[in-house]
Amino acid sequence: MADTSTNKGMYNPHSNRGRRKQISEATTTRQQQLRNAQRALRARKQDYILDLEERIDDLIRENKALKKQVERLSARETPCLNENCTSQIQALQQKLSEMELLARSAVLNPPISMTVPIISERMVSLLTPPPVGLLNLNCDFVADESIVSIIDANFSKWLSAEECYGPIDVEPFKAKMKLIESLKEAGIVDRLFALFVVN
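If you read the sequence shown in the UniProt record's numbering, its first letter stands for residue 1, the second for the next number, and so on.
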């Protein structure tokens, strides 16, 4: 058994106490590479973050500009366009209402130019011969003038019966009316029936 008491104060060359740990050259190179890689990664991360921040700032500015443009377009009034279109729409709506009223009134109350002429009671009384005993020859001229004035006043407003109902045979009626003494020579019968037959 070794005497430990005698070796207590002696130097032991195999002891590691008080010595700096030695690192191999390969380990040192590897650690340096790792540190360089970490620095490069941090730099790339920083560049990427800065790039994202710049893009975010650009998008925020673009978004604000678009919002302002939308607000301007929404609030801006263009009299040369909007008011003109509005007035035209109102005019068309008014015209449409007038046309609808005109169409309804035309159906309910057709105008004289679209209907068969109506002979008034005055004209019927003038065209109807009086009884032979009451015939006054002095009134024939007045009757002729009244009939002519009525026909002339309404000639432009009447349509012929042929236009409304097709051709008709009026010769028998004309022959009977021409038997009236006051209507023989004035041509009134032909003019009257021309209203119903001739265009």
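Built from N, CA and C at the ideal position, the CB exists for glycine as well.
The alpha-carbon of R39 is positioned some 15 Å away from that of I49.
Going by C-alpha positions, M177 is about 44 Å away from E100. Distance from the CA atom of E171 to the CA atom of E181, rounded to whole angstroms, is 18 Å.
In summary, L183 is buried, with 16 or more beta-carbon neighbours lying within 10 Å of its beta-carbon over all protein chains present. Across the structure, Q69 and I56 are spaced so that their CA atoms are roughly 20 Å apart. Straight-line spacing of the CA atoms in E54 and D47 works out to 11 Å. Within its own chain, no residue has a Cβ closer than 8 Å to the Cβ of N36 once the five positions on either side in sequence are excluded.
With fewer than 16 other CB atoms across the displayed protein chains lying within 10 angstroms of its CB, I60 is exposed.
Secondary structure at K176: helix, using DSSP grouped into helix, strand and coil. Around the Cβ of I89, a 10 Å sphere holds fewer than 16 other Cβ atoms; the residue is exposed. When rounded, the separation of the alpha-carbon atoms in S97 and S74 is 32 Å.
Collapsing the DSSP output to three states places D169 in coil.
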